[in-house]
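Peer 1:
There are 2 protein chains.
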Amino acid sequence: MTNAAMQEKAETSPIESIGDTLHDQMIDVNAVILDRMQSHVPMIPQLAGYLIAAGGKRIRPLLTLACASLCGNESDNQKKLAAAVEFIHTATLLHDDVVDGSDQRRGQAAANEVFGNQASVLVGDFLFARAFELMVETNNINALNSLAKASSIITEGEVLQMSLIGNTDITREQYFKIIEAKTAALFVASCEVAPILMGQDATAFTAYGHCLGMAFQIVDDVMDYTSPKMGKDKGDDFMEGKITLPVIVAMENASDDDKEKIQTAIKNPSADNIDDFIALLEKYDAFNQSVKVAQDYSNQGAKSLSHFTGNIAQNLIALPQSILHRVI
Amino acid sequence: MTNAAMQEKAETSPIESIGDTLHDQMIDVNAVILDRMQSHVPMIPQLAGYLIAAGGKRIRPLLTLACASLCGNESDNQKKLAAAVEFIHTATLLHDDVVDGSDQRRGQAAANEVFGNQASVLVGDFLFARAFELMVETNNINALNSLAKASSIITEGEVLQMSLIGNTDITREQYFKIIEAKTAALFVASCEVAPILMGQDATAFTAYGHCLGMAFQIVDDVMDYTSPKMGKDKGDDFMEGKITLPVIVAMENASDDDKEKIQTAIKNPSADNIDDFIALLEKYDAFNQSVKVAQDYSNQGAKSLSHFTGNIAQNLIALPQSILHRVI
C-alpha cells in the first residue's frame, strides 16, 4: 500500500467504511426513498427532495442495514425499514426547523424558509405517514411497534425541551431525559428494528443505539459552541435558550457571581455576548467535562457489540469513538 | 309516548342516536383517549386535553364502533382503533390550525393561539405517533395499512389545497380530489377498519365512508358562507383564499363581468366585500347547486349500507341525509 493510499484509508471514518461496504444496498434504499416520497401533488416531492438531496450522512439507515448485516440478513424488508427510519428523521427535521424558526439546514436555506412553515409541517406529516406505510409493507408488527414508540418518544423529548427553554435550573437528569427522547430513541429504533424483524434478541443493538445516540447528541451540543456545522452560527442553542450539557456543567461548578452571569446571559442572548458566554463555560472546563460524559457513552456503546466480528462489526464498534473525534 | 317525548325523539339526530346506543362503548373509547394522551411531559396532556375536552361530536370513532357493530363485533381492538381514528383527526386539526393561522376552534381560542404554533405542531406529532401505537396493539397489519394510507392521503389533500389557494381556475375535479383526500379518506378509514380488522369484505363500508365524507365536506364548505360554526366567522374560506364548490359553481356559470368580480374579490378578500361576494355566489344559485352535489353523495352513501338492518344500520343510513339538514 502506498503512503497516499494508507493516508486515505486512515482518513476513512467508520461510518464511511460502512457506507462503502453497504454501497449497493444503500443505492436500493435511496431508490426506495426517492420512489416513496413521490406524490401527485408536486410540492411534496419538491420540498422533500430539497431537504433529502441536500445530503446528510444517512447515518440512521446505514445503522439499520449494518445491524441487519450483523444478524445475517439483507432482505428488501430491511431496506424498507431503513428508508422508513430516514423518513421519520427527515420529518422531525422539517418540524424542528419550523419549531426553532431555523433559517439554515445542511448548508442551505431551511425548507421552511424556502417553502414556508405550512408546507414544512404538512410535508413532514406526509413523510411520517409514508414511513408507516413502508413499515406496514414489511408485515412485521414488532418492527412497527419499535418505530411507533420511538416516534412518540421523539416528540415527547421535543416538547420537554421546549418547555424548559431558558430554564437554567435544568438538571443533568432532565437533560439526559431530553436527549434520550429526542435523539437516542431513533438511534435505538434504527439499530434494533433489524434483529426485531428477524425475531432475534435485540438487547445488544438496543443498548448500542442508546449509547451512540447519547454520545452523538452530547457531541452535537458541544460543537454548537466550539465548531458549528456548515451554515449554522456559533451558539445557536444559546440564542434559542436551549440549555445543554456544557451550560449545566458550568452551572454546577460556577461561583455564585458566575452563575448569575450565566443566567443573565441566557435571559438576554445576543451575538454581542456569545463570546463572553463561551469564555465563562470554558472557565469551568464545561466542554471537556461534557465530552467526558460522551466518552463514557461511547465506551459503553462499543462494548455492547464487542462480541461481533468482521468488517462491519469493527466499524460499528469504532463508530462512537469516531463521533468524539469530531470535537477532540 | 307523550308529545314532548315524541318531539324529543324526533329531534334526536342519527349520530346522536348512534351515540346513545353505543354509549357504554364510547365511555370506554373516551377512557382510552384520555389514558393514551398522557405523558410525563405535562404540556402534552394539557394541550391535547384542551382541544379534546372542548368536544366535537366524535363522529369518526362513533362510525368505527357503529360499523363494527354491523359486522357483529364489539372487541377492545375496535375501541383502540376508534381512539386511534380520533387521535389522527385531532392531530390534523392541530396542524391545520397552525397552517391556516386559525384563532378559533370548537368555540374557543385555537390551541395554537393558547400554547403556540410550536407546541401544536409537536403535540400533533405526538398524537399521530400514539395513534400508530394503538393500532400496533390491535396486532392487525391490514387495519394499520388502512389508517397509514389515509394519513398520507390526508396530508396530500392539505398540501394540494394549499398549493391552489387563491386560484379561481380550480376545477370541480381538483376540488373533489382535495376533499376526497383531506376529509373523505379518514371517513373511509373510520368505516372500513372494523370489517378489515375482522377479515370481512369492507367494500360497502369503504363506499359509505367515501360518500359520507364527501357530503360532509361539501356541506361544511357551503356552511362556511351561509351559517358558520360556533366561533368561526362567516366566509373564513373566502378570507383564506380557499376556493370551494360554491365559488367553482359560480365561476362555471357567471358572466364575464361577474367572473372578473369574483376573481378580484378572491385576490383582495376583506370583511368589507364578503357580503357582496356572497350575493354574487347566490346570484348563480351556487349554494343550492352545491347542496345538490352533496345530496347525490348522500343518496349513494345511504344506498351502500341499505342491505343492513337494525337500529344502528338505520341510523347510519339516515346519517348522510341528516348532514344535509344542517343547511337545507
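Line by line, the protein sequences give chains U and L.
When we follow my numbering, the leftmost residue of the first sequence carries the number 10, and every step to the right adds one.
When we follow my numbering, the leftmost residue of the second sequence carries the number 10, and every step to the right adds one.
All residues carry an ideal CB built from backbone N, CA and C; glycine is no exception.
Looking at chain U, is there any beta carbon in it that lies within less than 9 angstroms of the beta carbon of L:K89?
Peer 2: Within the second sequence, residue 89 of chain L is the residue found at index 80, counting from 1. False, the Cβ-Cβ gap to chain U never drops below 9 angstroms.
Peer 1: Using a beta-carbon distance cut-off of less than 7 angstroms, what residues from the region 128-145 of chain U approach chain L?
Peer 2: Within the region 128-145 of chain U, the qualifying residues are A128, V130, L131, V132, D134, F135, F137, A138, R139, F141, E142 and V145.
Peer 1: Could you round the C-beta distance between U:E142 and L:A157 to whole angstroms and report it? I think they count as a contact, below 8 angstroms.
Peer 2: The residue given as residue 142 of chain U occupies position 133 in the first sequence. The residue given as residue 157 of chain L occupies position 148 in the second sequence. That belief holds up - the Cβ atoms of U:E142 and L:A157 are roughly 5 angstroms apart, short of 8 angstroms.
Peer 1: Closest by CA to L:L43, which one among L:G28, L:S161 and L:Y59?
Peer 2: The count along the second sequence starts at 1 and reaches residue 43 of chain L at position 34. Ranking L:G28, L:S161 and L:Y59 by Cα distance to L:L43 puts L:Y59 first.
Peer 1: Please work out which residues of its chain come closer than 7 angstroms, Cβ to Cβ, to U:A199, disregarding the five sequence neighbours upstream and downstream, and give them in chain order.
Peer 2: Along the first sequence, one-based indexing puts residue 199 of chain U at 190. First, the amino acid is wrong: residue 199 of chain U is Ser here, not Ala. For U:S199, where only same-chain residues beyond five positions count, the Cβ hits under 7 angstroms are R69, L72, T73, V94 and G218.
Peer 1: Would you say U:I188 lies against chain L (beta-carbon separation less than 9 angstroms)?
Peer 2: The count along the first sequence starts at 1 and reaches residue 188 of chain U at position 179. No - not a single Cβ of chain L is within 9 angstroms of the one on U:I188.
Peer 1: Of the residues that make up the region 151-170 of chain U, which ones have a beta carbon closer than 7 angstroms to any beta carbon in chain L?
Peer 2: Answer in chain order: L153, N154, A157, K158, S160, S161, T164, E165, E167, V168 and L169.
Peer 1: Helix, strand or coil for L:E17 per DSSP?
Peer 2: The residue given as residue 17 of chain L occupies position 8 in the second sequence. Note that L:E17 has pLDDT 47, beneath the 50 cutoff, so the model's placement of it is unreliable and the number below is only indicative. Looking at L:E17 - three-state DSSP - the assignment turns out to be helix.
Peer 1: Taking L:K251 as the reference, give the member of L:S84, L:A274 and L:A100 with the closest Cα.
Peer 2: In the second sequence, the residue the question calls residue 251 of chain L occupies position 242. Minimum Cα distance to L:K251 is reached at L:A274.
Peer 1: Near U:F225, what residues of its chain come up, given a Cβ to Cβ distance below 6 angstroms and the 5 sequence neighbours on each side ignored?
Peer 2: Against the first sequence, residue 225 of chain U aligns to sequence position 216. Closer than 6 angstroms at the Cβ level, and outside the excluded window around U:F225, lie I332.
Peer 1: Using a C-beta cutoff of 9 angstroms, does L:I332 count as contacting chain U?
Peer 2: Counted from its first residue, the second sequence places residue 332 of chain L at position 323. No, L:I332 does not count as interfacial toward chain U.
Peer 1: Rounded C-beta distance between U:L195 and U:A159? I'm assuming under 8 angstroms.
Peer 2: Numbered from its first residue, the first sequence carries residue 195 of chain U at position 186. Numbered from its first residue, the first sequence carries residue 159 of chain U at position 150. Their Cβ separation, rounded to whole angstroms, is 5 angstroms, which keeps U:L195 and U:A159 in contact under 8 angstroms.
Peer 1: On the premise that L:I205 lies in contact with L:S172, defined as a C-beta separation below 8 angstroms, what is that separation, rounded to the nearest angstrom?
Peer 2: Within the second sequence, the letter at position 163 stands for residue 172 of chain L. Within the second sequence, the letter at position 196 stands for residue 205 of chain L. Between L:I205 and L:S172 the Cβ distance is about 32 angstroms, and since that is not below 8 angstroms, they are no contact.
Peer 1: Starting from the C-beta of U:Y234, find all residues in its chain whose C-beta is less than 8 angstroms away, skip the five residues before and the five after it, and write them out in chain order.
Peer 2: Within the first sequence, numbered from 1, the residue matching residue 234 of chain U stands at position 225. The answer, listed in chain order, is K243, G244, D246, F247, P255, I287, L290 and F296.
Peer 1: Under a Cβ-count criterion, where at least 16 other Cβ atoms within 10 Å of its own Cβ denotes burial, should U:D284 be classed as buried or exposed?
Peer 2: Mapped onto the first sequence, residue 284 of chain U falls at position 275. It is exposed - the Cβ of U:D284 has fewer than 16 other Cβ atoms within 10 Å.
Peer 1: Which bits of chain L does U:N148 rub up against, with CB to CB less than 7 angstroms?
Peer 2: Looking up residue 148 of chain U in the first sequence gives position 139. Chain L residues near U:N148: I150.
Peer 1: Spatial neighbours of U:H98 within its chain, please: CB distance less than 7 angstroms, with the 5 preceding and 5 following residues excluded, ordered by chain position.
Peer 2: By one-based count along the first sequence, residue 98 of chain U stands at place 89. Excluding residues within five positions, the ones whose Cβ falls inside 7 angstroms are R69 and L195.
Peer 1: According to DSSP, is L:Q47 helix, strand or coil?
Peer 2: On the second sequence, position 38 is the one that residue 47 of chain L refers to. If DSSP states are grouped into helix, strand and coil, L:Q47 belongs with coil.
Peer 1: Among the candidates U:R335, U:M207 and U:A119, whose CA atom is the shortest distance from the CA of U:S236?
Peer 2: Looking up residue 236 of chain U in the first sequence gives position 227. Comparing Cα positions, the closest option is U:R335.
Peer 1: Is there at least one Cβ from chain U nearer than 9 angstroms to L:P70's Cβ?
Peer 2: Position 61 of the second sequence, counting from 1, holds the residue named residue 70 of chain L. No, L:P70 lies away from the interface with chain U (no Cβ there is under 9 angstroms from its Cβ).
Peer 1: In chain L, which residues lie less than 9 angstroms from U:S172 when you measure between Cβ atoms?
Peer 2: For the purposes of this step, residue 172 of chain U is taken as the residue at position 163 of the first sequence. Going along chain L in sequence order, the residues near U:S172 (Cβ under 9 angstroms) are V50, P51, M52 and A128.
Peer 1: Of all Cβ atoms in chain L, is any one closer than 9 angstroms to the Cβ of U:T101?
Peer 2: As a first step, residue 101 of chain U is located in the first sequence; it is residue number 92 there, counting from the start. Output row for U:T101: interface = yes.
Peer 1: For the region 101-121 of chain L, which residues have a beta carbon sitting closer than 7 angstroms to at least one beta carbon of chain U?
Peer 2: Under the 7 angstroms Cβ criterion, the region 101-121 of chain L contributes H104, V107 and V108.
Peer 1: What is the DSSP secondary structure of U:A118, reduced to helix, strand or coil?
Peer 2: In the first sequence, the residue the question calls residue 118 of chain U occupies position 109. DSSP places U:A118 in strand when its eight states are reduced to three.
Peer 1: Find the nearest neighbour of U:M207 within the set U:C220, U:R181 and U:N149, judged by alpha-carbon distance.
Peer 2: Here the question's residue 207 of chain U lines up with position 198 in the first sequence. Nearest of U:C220, U:R181 and U:N149 to U:M207, Cα basis: U:N149.
Peer 1: Can the beta-carbon of L:V258 be found less than 9 angstroms from the beta-carbon of L:S299?
Peer 2: Working through the second sequence from its first residue, we reach residue 258 of chain L at position 249. Working through the second sequence from its first residue, we reach residue 299 of chain L at position 290. Yes; because the gap between Cβ atoms is below 9 angstroms, this pair is in contact.
Peer 1: Nearest-angstrom Cα distance between U:L328 and U:K312?
Peer 2: Working through the first sequence from its first residue, we reach residue 328 of chain U at position 319. Working through the first sequence from its first residue, we reach residue 312 of chain U at position 303. Cα-Cα distance, rounded: 12 angstroms.
Peer 1: At least one CB of chain L closer than 9 angstroms to the CB of U:T318: is that the case?
Peer 2: Stepping through the first sequence from its first residue, residue 318 of chain U is reached at position 309. For U:T318, the answer is no, since every Cβ of chain L falls outside 9 angstroms of its Cβ.
Peer 1: Exposed or buried, which one is L:N277 when buried takes at least 16 other CB atoms within 10 Å?
Peer 2: Walking along the second sequence from the start, residue 277 of chain L turns up at place 268. Burial call: exposed.
Peer 1: Give me the Cα-Cα distance between U:D29 and U:K88, rounded to the nearest whole angstrom.
Peer 2: Sequence index remark: in the first sequence, residue 29 of chain U carries index 20 (1-based). Sequence index remark: in the first sequence, residue 88 of chain U carries index 79 (1-based). Cα to Cα, the separation comes out at about 16 angstroms.
Peer 1: Touch check for the region 75-88 of chain L and the region 318-327 of chain L: three-plus C-beta pairs under 8 angstroms?
Peer 2: They touch, by the three-pair rule.
Peer 1: What span of residues does the alpha helix (DSSP H) with L:L221 cover, start to end?
Peer 2: Position 212 of the second sequence holds residue 221 of chain L. Looking at the DSSP string, the run of the alpha helix (DSSP H) that includes L:L221 is T212 to T235.
Peer 1: State the Cα-Cα distance for the pair L:N151 and L:F214, rounded to the nearest angstrom.
Peer 2: Sequence index remark: in the second sequence, residue 151 of chain L carries index 142 (1-based). Sequence index remark: in the second sequence, residue 214 of chain L carries index 205 (1-based). Their Cα atoms are separated by approximately 15 angstroms.
Peer 1: How about U:I321: is its C-beta nearer than 9 angstroms to some C-beta of chain L?
Peer 2: Within the first sequence, residue 321 of chain U is the residue found at index 312, counting from 1. No, because no Cβ of chain L sits closer than 9 angstroms to the Cβ of U:I321.
Peer 1: Could you pull out every residue in the same chain whose Cβ sits closer than 7 angstroms to the Cβ of U:K270, ignoring the five residues on either side in sequence?
Peer 2: Against the first sequence, residue 270 of chain U aligns to sequence position 261. Answer for U:K270: L289, listed in chain order.
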